[in-house]
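Quick notes on the structure that follows.
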Amino acid sequence: MAVDFEKISADRSWKIFDDAAHRLLGIDGATFARRWDGGVYDGDADTGVMKVAMLRPSGR
Amino acid sequence: MAGKTPAKAVKAFVEPIQNALGLWASGKVTADSYTPADEGLLVFNGGEQVKLRGDGKISLSVSMRYEIVETRDPEKGPWKVKTTGYMYDLQVDDVSAFEYHWHPISKSHEAGPHLHCSAALDKGHIPTGRIMIEDVLSLAGQLGAEPNDGDRWRDLYALNREKFARGATWGVGPG
């Protein structure tokens, strides 16, 4: 099989999210989460914003 | 996809996705939750663009959100996984060509499944039905990507659509 599967921890899931925030938006995950929750991105048409939002682990 | 435990339900959910991606690329699919109370994330290669086999020009990023729920199906379950969102970005020469999105997490953005295709409608949301990752891979094949086994891909595509249709609450569309 060329693609493996791994169950990862909450911390590793957050790292994926944090890495994506850096890669796509130049900020860290915590900053993105704060801005998202504060409505800064409401209506933002940048698909990079939604890519990062969709990688945010549940409940964090 | 269903299972006797939440973990088995997630593994049954992941397996066809893992098999499909494995015919077009290498890497790892991760899932971060086996807990029914938490919405989980299924991500391919950390959400980064991954080059697909073929002419080297086509890349794909995949992320999905899911929930583990109880099912009353007497033959399967009692747990099954339902998809609660997805982001598929198919790029040609490192430029997004087709972005299939479904992100109901946001109330201020388009909540239904849709497509971004800048060549057709810049920044617009083109409504679509529910899109399977296999559909996106099939499109990638038309753009220059190639599975490592064409016969195996055709069989897997048909099998995965059939499996999905058995559990789908939205319907799978014509095929």
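Quick note, the sequences are listed as chains A and B, same order.
Using this note's numbering, the first residue of the first sequence is number 1, and each one after it goes up by one.
Using this note's numbering, the first residue of the second sequence is number 61, and each one after it goes up by one.
Glycine included, each C-beta is placed from N, C-alpha and C at the ideal position.
Fair warning: this is a prediction, and the values are worked out from it, not measured in the lab.
Would you identify the three-state DSSP class for residue i, choosing helix, strand or coil?
i: threonine 143 of chain B; result: strand
i: isoleucine 193 of chain B; result: helix
i: tyrosine 148 of chain B; result: strand
i: glutamate 222 of chain B; result: helix
i: valine 52 of chain A; result: helix
i: leucine 199 of chain B; result: helix
i: glycine 184 of chain B; result: strand
i: glycine 43 of chain A; result: coil
i: glycine 107 of chain B; result: helix
i: glycine 237 of chain B; result: There is simply no residue 237 of chain B to check, as chain B begins at 61 and stops at 235 in what is shown.
Might you give, ordered along the chain, the residues of its own chain that have their beta carbon closer than 8 Å to the beta carbon of residue i, omitting 5 neighbours on each side?
i: isoleucine 118 of chain B; result: Lys111, Leu112, Leu150, Gln151, Val152, Ala200, Leu203, Gly204, Ala205
i: serine 13 of chain A; result: Pro57
i: aspartate 154 of chain B; result: Gln109, Ser119
i: valine 232 of chain B; result: Summary for valine 232 of chain B: the model assigns pLDDT 49, below 50, so the residue's position carries little reliability; its value from the coordinates is reported in the next sentence. Excluding positions up to five away in sequence, the list reads Arg190, Met192, Arg221, Phe224, Ala225.
How far does the beta strand (DSSP E) with residue i in it extend, from its first residue to its last?
i: leucine 120 of chain B; result: 118-130
i: histidine 176 of chain B; result: 174-177
i: serine 156 of chain B; result: 155-162
i: valine 3 of chain A; result: 3-7
i: threonine 90 of chain B; result: 87-91
i: valine 103 of chain B; result: 100-104
Going by beta carbon distance, what residues of the same chain come within less than 6 Å of residue i, once the five residues before and after it are set aside?
i: proline 66 of chain B; result: Tyr94, Pro96, Ile128, Trp139
i: valine 103 of chain B; result: Thr90, Ser123
i: proline 234 of chain B; result: In this prediction, proline 234 of chain B has a pLDDT of 43, which is less than 50 and means its spatial position is unreliable; nothing more can be read from the coordinates.
i: serine 156 of chain B; result: Asp149
i: glutamate 194 of chain B; result: Ala80, Tyr217, Asn220
For residue i, which residues in the same chain have their Cβ closer than 7 Å to its Cβ, ignoring the five residues on either side in sequence?
i: isoleucine 165 of chain B; result: Gly145
i: aspartate 18 of chain A; result: Asp28, Gly29
i: valine 74 of chain B; result: Val89, Ala91, Leu102
i: glutamate 170 of chain B; result: His185
i: leucine 197 of chain B; result: Ala80, Trp84
i: tryptophan 213 of chain B; result: Leu83, Pro207
i: leucine 216 of chain B; result: Asn79, Ala80, Leu83
i: isoleucine 16 of chain A; result: Leu55
i: lysine 142 of chain B; result: Tyr126, Glu127, Val129
i: serine 9 of chain A; result: none
i: lysine 136 of chain B; result: Ala62
i: lysine 115 of chain B; result: Checking the sequence shown, residue 115 of chain B turns out to be aspartate, not lysine. These residues qualify, in order along the chain: Gly204.
Along the alpha helix (DSSP H) that carries residue i, what are the first and last residues, could you check?
i: leucine 71 of chain B; result: It should be noted that the sequence gives lysine, not leucine, for residue 71 of chain B. Residues 66-82.
i: leucine 25 of chain A; result: 10-25
i: glycine 29 of chain A; result: 29-37
Alpha carbon to alpha carbon, how far is residue j from residue i? Give it in angstroms, no decimals.
i: phenylalanine 158 of chain B; j: threonine 31 of chain A; result: 28 Å
i: serine 178 of chain B; j: arginine 132 of chain B; result: 43 Å
i: glycine 85 of chain A; j: arginine 23 of chain A; result: Residue 85 of chain A lies beyond the range of chain A shown here (1 to 60); nothing can be said about it.
i: valine 3 of chain A; j: serine 86 of chain B; result: 5 Å
i: alanine 180 of chain B; j: proline 187 of chain B; result: 13 Å
i: glutamate 99 of chain B; j: glycine 107 of chain B; result: 17 Å
i: lysine 51 of chain A; j: aspartate 11 of chain A; result: 19 Å
i: lysine 7 of chain A; j: asparagine 105 of chain B; result: 13 Å
i: alanine 34 of chain A; j: histidine 163 of chain B; result: The question names alanine, but residue 34 of chain A in the sequence shown is arginine. Between arginine 34 of chain A and histidine 163 of chain B, the C-alpha separation is close to 19 Å.
i: lysine 167 of chain B; j: leucine 25 of chain A; result: 21 Å
i: leucine 7 of chain B; j: methionine 147 of chain B; result: Absent from the structure is residue 7 of chain B, since the part of chain B shown begins at 61 and ends at 235.
i: tyrosine 41 of chain A; j: alanine 21 of chain A; result: 13 Å
i: alanine 53 of chain A; j: aspartate 46 of chain A; result: 11 Å
i: aspartate 37 of chain A; j: glycine 172 of chain B; result: 21 Å
i: aspartate 209 of chain B; j: serine 121 of chain B; result: 21 Å
i: aspartate 211 of chain B; j: aspartate 182 of chain B; result: 36 Å
i: glycine 39 of chain A; j: arginine 60 of chain A; result: 16 Å
Is the beta carbon of residue i within less than 7 Å of some heavy atom of the ligand HEM?
i: alanine 200 of chain B; result: As far as ligands go, the structure on display features none, and thus does not contain the ligand HEM.
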